[in-house]
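S.K.: In full-length UniProt numbering, the protein residues as written are 1 to 700. We treat Cβ as the ideally placed atom computed from N, Cα and C, and that holds for glycine. In this text, all values refer to a predicted model and were calculated from it rather than measured experimentally.
1. Look at the alpha carbon of residue 448 and the alpha carbon of residue 455, and state the distance between them as a whole number of angstroms.
2. Assuming contact is defined by CB atoms lying nearer than 9 Å, are residue 309 and residue 330 in contact in what I supplied?
3. Who does residue 296 pair with in a DSSP beta bridge?
4. Got a sec, what are the start and stop residues for the beta strand (DSSP E) residue 134 sits in?
5. Which residue's Cα is closest to the Cα of residue 239: 81, 199, 174?
6. How is the alpha helix (DSSP H) around residue 95 delimited, first residue to last?
7. Inspect the beta-carbon positions of residue 225 and residue 37 and report whether they are closer than 9 Å.
8. Considering residue 227, what are the terminal residues of the beta strand (DSSP E) in which it resides?
9. Please check if any C-beta of chain C sits within less than 9 Å of the C-beta of residue 512.
10. Applying the criterion that 16 or more other CB atoms from any shown protein chain within 10 Å of the CB defines a buried residue, is residue 7 buried or exposed?
11. Compute the beta-carbon to beta-carbon distance between residue 384 and residue 425, rounded to the nearest angstrom, for a pair I have assumed lies under 8 Å.
12. Assuming residue 459 and residue 323 are in contact, meaning their beta carbons sit under 8 Å apart, how far apart are those beta carbons, in whole angstroms?
13. Would the C-beta of residue 454 count as close to the ligand MG, meaning under 8 Å from any of its heavy atoms?
14. Taking three-plus beta-carbon pairs below 8 Å as touching, is the stretch 22-29 in contact with the stretch 165-181?
15. Starting from the N-terminal side, write out each stretch of the beta strand (DSSP E) that is 3 residues or longer and does not extend beyond the stretch 353-406.
16. Pull up the DSSP beta-bridge partners for residue 189, would you.
17. Three-state secondary structure (DSSP) at residue 547?
18. Just checking my contact of residue 429 with residue 386 at CB under 8 Å: how many whole Å lie between their CB atoms?
19. Return helix, strand or coil for residue 419, following the three-state DSSP convention.
20. Kindly indicate which three-state DSSP category residue 633 falls into: helix, strand or coil?
21. Indicate whether residue 62 and residue 72 have their beta-carbon atoms separated by less than 9 Å.
22. Under 8 Å by Cβ, that's how I've got residue 250 and residue 277 pegged, so tell me the actual separation to the nearest angstrom.
23. What separation, rounded to the nearest whole angstrom, lies between the Cα atoms of residue 684 and residue 626?
24. So is residue 242 buried or exposed if we call it buried at 16+ other beta carbons inside 10 Å?
25. Given that a residue counts as buried once 16 or more other Cβ atoms are within 10 Å of its Cβ, and exposed if not, what is residue 4?
26. Within a Cβ cutoff of 7 Å, which residues of the same chain sit near residue 516, ignoring the five residues on either side of it in sequence?
27. To the nearest angstrom, how far is the alpha carbon of residue 304 from that of residue 298?
28. Candidates 124, 31, 74: which alpha carbon is nearest residue 100's?
29. To the nearest angstrom, report how far apart residue 337 and residue 404 are at their CA atoms.
30. Just to confirm before moving on: does the CB-CB distance between residue 354 and residue 420 stay below 9 Å?
31. Roughly how far, in whole angstroms, is the beta-carbon of residue 119 from the beta-carbon of residue 270, given that I think they are within contact range, below 8 Å?
32. Under 8 Å Cβ to Cβ from residue 133, same chain only, skipping five residues before and after it: list those, please.
33. Name the two residues that bound the continuous beta strand (DSSP E) containing residue 268.
34. Give me whichever residues DSSP pairs with residue 325 in a beta bridge.
35. Give me the DSSP bridge partner(s) of residue 623.
36. Applying the criterion that 16 or more other CB atoms from any shown protein chain within 10 Å of the CB defines a buried residue, is residue 357 buried or exposed?
In structure tokens, the structure reads:
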């Protein structure tokens with residue numbers, strides 16, 4: 001009869017070391033077991049009152065008599081945890097010093113002290129019977145959870161585990177482990193004890209190491225759950241180590257963007273003190289330059305042909321900017337068959353992007369340093385979350401699974417890298433069965449579906465976001481120029497208005513007393529224009545704060561400057577003409593010239609009033625209005641320029657005279673701005689011809 005494989009006992013130790021690669025992963029696996037057991041919450045107690053490494057070295061040196069009592073006392077004080085209460089710390093140091101009378105006695109005391117350090121992971125889940133412990137817990141790679149997943153129906157509890165190797169986490173954390181479990185209605189606790197160094201004997205096979213389940217009395221028959229106690233800890237669990245574990249791992253254990261799920265409660269205690277585990281603060285989200293939501297469904301989003309949709313909203317915007325891709329577009333761009341898209345299954349993703357050079361707090365009462373420090377805990381790109389729990393350390397600075405960094409270095413402006421981004425990709429065991437965790441739980445296994453996920457996020461979404469960021473940066477550069485030009489335009493307009501008003505006052509002095517009321521009318525018109533320029537100036541100040549609509553204001557400022565420049569030149573020429581007329585003492589001609597000035601200023605005022613409709617506050621509202629009347633008003637504002645350059649302007653409606661209304665449902669400000677620009681350009685080009693010209697404005 002043939003023989004099958006036999007496994008050396010030490011192979012189990014090697015397997016555990018390969019599959020459970022860090023203390024973080026080890027604790028995570030034990031906590032996920034509590035979730036799978038349907039426990040309402042899980043508790044982790046870490047009791048480590050001293051520096052294990054320092055005290056172990058001290059014990060060794062005491063036995064070899066290589067250290068003095070004075071040195072022992074000093075090193076004890078340094079080795080005791082500083083996070084203990086002053087009283088507990090003082091009592092512990094006194095207890096240790098009390099055993100310094102004998103080196104052997106103190107060495108034994110230290111050994112016992114170190115054995116009291118422990119980690120306990122406990123839950124109140126369904127628990128395990130004696131048979132469960134033998135047939136499932138002690139079977140490495142048991143398929144129980146995997147089979148349950150495949151047989152699961154809609155509404156059944158989600159299971160996180162499937163490989164049957166999470167229990168190997170115990171040997172990662174310490175050399176001794178005690179597992180106690182019970183089910184509701186059972187009258188005993190079922191217990192297994194492990195000493196992992198027993199598996200190091202190279203002469204033993206795995207089945208040579210006996211593991212027995214024993215029974216313990218149970219006070220409360222209704223109690224249920226599992227407790228795993230680990231001793232002879234392999235790591236030094238200081239306050240700093242626990243806080244790093246919480247900040248880098250626990251805070252990101254569950255999807256911070258999940259909307260439909262409540263976070264699974266995890267309680268962590270260090271030396272009997274509960275440690276806070278903060279979620280993603282809303283104020284950090286408020287500090288992001290933009291937020292993005294990504295939805296992928298190979299069967300079509302909302303019944304459409306689009307299978308990928310990206311919605312992006314900038315911090316200063318109240319609406320999202322969407323973009324979609326069809327199956328045809330993506331298969332052509334990525335060169336991947338549609339069948340792989342269908343096997344991948346639907347997923348969602350979320351992303352916050354921060355420009356670290358502009359880490360403003362957006363009204364949040366946090367300093368720039370506080371924002372940066374909090375961002376450092378969360379940045380790292382897209383973390384993968386299966387059934388709301390993070391896969392390994394994806395999305396952290398230790399794992400560039402999307403290979404962003406090399407792409408960011410090649411990208412213009414280094415836009416959108418992991419250091420600037422907080423993101424999540426939400427998948428599920430049910431809808432994405434081909435996306436499988438690697439054996440060491442650090443990331444997803446490379447396969448066609450995983451490569452497609454990388455391509456969608458890395459080649460499509462990330463490139464789209466980078467292009468979007470670069471476009472905005474170019475727009476911001478234009479806005480900066482616009483801000484400078486608008487400020488200059490408003491300043492020029494203010495100066496010329498002051499000069500014009502002064503010139504009008506001088507003109508009034510030469511008028512007959514009975515005609516001076518006309519100057520008052522002109523002065524009133526000019527003062528209204530002064531107020532309008534102030535309004536534009538105030539709008540510019542507000543736009544500088546909100547960083548919006550500066551481009552529109554730049555165009556308005558330029559129009560105002562041109563109109564007032566014409567007004568200034570008109571008034572200046574009128575003043576010169578009046579000086580000449582006063583020398584001839586022809587008062588009738590003086591009055592005639594002032595009447596002409598008044599008429600032209602009123603016409604110019606009509607033109608500057610059309611700028612009201614161009615103002616940012618009214619530009620984006622559609623309304624019903626008469627386009628013919630609007631056109632006539634804007635054209636009449638150019639009357640002075642048309643006359644000066646000998647231009648005849650004709651307005652037509654359906655190739656005839658505009659004798660009737662043309663009702664349109666449009667944005668009045670946009671049309672006003674467009675007509676203003678077209679007329680200004682037309683006058684310029686007709687002026688270049690240095691001859692009389694015709695200008696036709698037609699509507700249909």
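M.R.: Working from what's here:
1. 10 Å
2. no
3. 308, 347
4. From DSSP, residue 134 is part of no beta strand (DSSP E); its letter is neither H nor E.
5. 81
6. Per DSSP, residue 95 belongs to the alpha helix (DSSP H) from 86-98.
7. yes
8. 225-233
9. Protein chains in the displayed structure number just one, and chain C is not present.
10. exposed
11. 5 Å
12. Rounded, the Cβ-Cβ distance is 15 Å, inconsistent with contact.
13. For the structure depicted, the ligand MG is absent and the ligand set is empty, with no information on it obtainable.
14. With three or more CB-CB distances shorter than 8 Å, the stretch 22-29 counts as touching the stretch 165-181.
15. Fully enclosed beta strand (DSSP E) runs of 3 or longer: 381-386.
16. 216
17. A caution first: residue 547 carries a pLDDT of 46, below 50, which makes its placement in the model unreliable, though a value can still be read off. Coil.
18. 6 Å
19. helix
20. Correct three-state label for residue 633: helix.
21. yes
22. 5 Å
23. 28 Å
24. buried
25. exposed
26. 508
27. 10 Å
28. 74
29. 24 Å
30. yes
31. With 8 Å as the limit, residue 119 and residue 270 do not qualify as a contact, their Cβ atoms being about 10 Å apart.
32. 179, 181, 190, 192, 213
33. 266-270
34. Answer by DSSP bridge pairing, in chain order: 308.
35. 666
36. Residue 357 is exposed by the Cβ-count criterion.
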